[in-house]
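Q: Encoded as structure tokens, here's the structure I'll be asking about.
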Ligand SMILES: Nc1ncnc2c1ncn2[C@@H]1O[C@H](COP(=O)(O)OP(=O)(O)O)[C@@H](O)[C@H]1O
Ligand SMILES: [Mg+2]
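Numbering (this note's numbering), first residue to last: 29 to 372.
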């Protein structure tokens, strides 16, 4: 098989394209259909936000892309994950290992459990260079300090021998970002990277990630359950529900006028500074049990607009247009009543 060369992206294929991905988990209690036909793509220099409540399949999709899904119990019965146009699901374990960490890197929510508590951060950052690039300890340490500088950790040279617990949550997440950046990947997947942090620190870490992404022209997939966090940094957004994409859109269009009642519900449940004191809207009910996803639209039991067709027919993800039929590039909705929702 060919090895994908970073410098020769001569093909017009997107950096990453997930096509009709299905993932199920075979457990003692039955089969959980976690991912039910997800398609999305991200290009170099582009940021895709993936939004959805807990359990909607955001992380499982990311794990499938990284090749770190638990198999078993996980299975991928169908789908393609194209990286520079090549299906990673057809690659050997060895080929995938070469991509993981080097070409596609991941940042997790919980930096403290991702870092080794008994090794200094400098050692752990340097390890990337020693193991993957064969640098000496001294060279690796120098590169570790450069990286810490790059992610704006104050007094990097003085702190390189400190241990993870000596850093604040925000600084630890910067270290995770540094580690992901170390081998100059083409794509970073950040799975709820700021969820554990308080709001002001969240914004700083998110800004840093966006800045590095721009400078390096990387693709970025930003997974979150919090629409507020991604507003300023994402180019486009995919909204997931019960393992499907129910709405996709360029980011600003989505805020102005969602085309799916689920997205509308998520938007209405964001706290707004100009509405202090008002009771916050919450989508009623809970996401479905993935072993018995409701027939028709999976969201129908919670949807204020549901009618008979919503209980029987699965709505396809279709292009969303202006009222007069004018194009809305990049927009799609999987709602039988998208027209009423966006234009009504
Ligand atoms: N290792 C596993 N074994 C069984 N089921 C799993 C496993 N990992 C994930 N799932 C199922 O997949 C669903 C989606 O999980 P996940 O992608 O982690 O959701 P989120 O959108 O919160 O990231 C979970 O609700 C769970 O039912
Ligand atoms: Mg998750």
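We put the beta carbon where it would ideally sit given N, CA and C, even for glycine.
Could you pull out every residue in the same chain whose Cβ sits closer than 8 Å to the Cβ of residue 138, ignoring the five residues on either side in sequence?
A: Along the chain shown, read from residue 1 onward, the residue named residue 138 stands at position 110. The residues are 224.
Q: Taking 7 Å as the cut-off, is the CB of residue 220 close to at least one heavy atom of ligand 2?
A: Position 192 of the chain shown holds residue 220. Answer for residue 220: yes, Cβ within range of ligand 2.
Q: DSSP beta-bridge partners for residue 277?
A: Taking the first residue of the chain shown as position 1, residue 277 is located at position 249. Beta-bridge analysis with DSSP links residue 277 to 265.
Q: How far does the beta strand (DSSP E) with residue 40 in it reach, from first residue to last?
A: Start at 1 with the first residue of the chain shown, and residue 40 comes out as number 12. That residue, residue 40, is in no beta strand (DSSP E); it is neither H nor E in DSSP.
Q: Measure the CB-CB distance between residue 198 and residue 232 and report whether it falls below 8 Å.
A: Numbered from its first residue, the chain shown carries residue 198 at position 170. Numbered from its first residue, the chain shown carries residue 232 at position 204. A contact, by the Cβ cut-off of 8 Å.
Q: Would the stretch 242-250 and the stretch 288-295 be scored as touching if the rule is three or more Cβ pairs under 8 Å?
A: no
Q: Can you give me the C-alpha to C-alpha distance between residue 248 and residue 142, rounded to a whole angstrom?
A: Counting from 1 along the chain shown, the entry for residue 248 is found at position 220. Counting from 1 along the chain shown, the entry for residue 142 is found at position 114. Cα to Cα, the separation comes out at about 20 Å.
Q: Taking the alpha helix (DSSP H) that residue 228 belongs to, which residues open and close that run?
A: Here residue 228 corresponds to residue number 200 of the chain shown, with the count starting at 1. Note, residue 228: alpha helix (DSSP H), 227-244.
Q: Whole angstroms are fine: how far does the CA of residue 324 sit from the CA of residue 104?
A: Here residue 104 refers to the residue found at position 76 of the chain shown. Here residue 324 refers to the residue found at position 296 of the chain shown. Approximately 23 Å, taken between the alpha carbons.
Q: I need the straight-line Cα distance from residue 279 to residue 312, nearest angstrom please.
A: Indexing the chain shown from 1 puts residue 279 at position 251. Indexing the chain shown from 1 puts residue 312 at position 284. So the alpha carbons of these two residues sit roughly 25 Å apart.
Q: I'd like the list of long-range same chain contacts for residue 293, defined as Cβ closer than 6 Å, with 5 residues on each side in sequence excluded.
A: The count along the chain shown starts at 1 and reaches residue 293 at position 265. 311.
Q: Is it the case that the CB of residue 267 approaches a heavy atom of ligand 4 more closely than 7 Å?
A: In the structure shown, ligand 4 is absent; the only ligands present are ligand 1 and ligand 2.
Q: Identify whether residue 30 lies in helix, strand or coil by the three-state DSSP scheme.
A: For the purposes of this step, residue 30 is identified with residue 2 of the chain shown, where counting begins at 1. With a pLDDT of 45 at residue 30, under the threshold of 50, the modelled position of this residue cannot be trusted; read the value that follows with caution. Three-state result, residue 30: coil.
Q: Starting from residue 336, trace the alpha helix (DSSP H) both ways and give me its first and last residue.
A: Counting from one through the chain shown, the residue named residue 336 turns up at place 308. Note, residue 336: alpha helix (DSSP H), 336-340.
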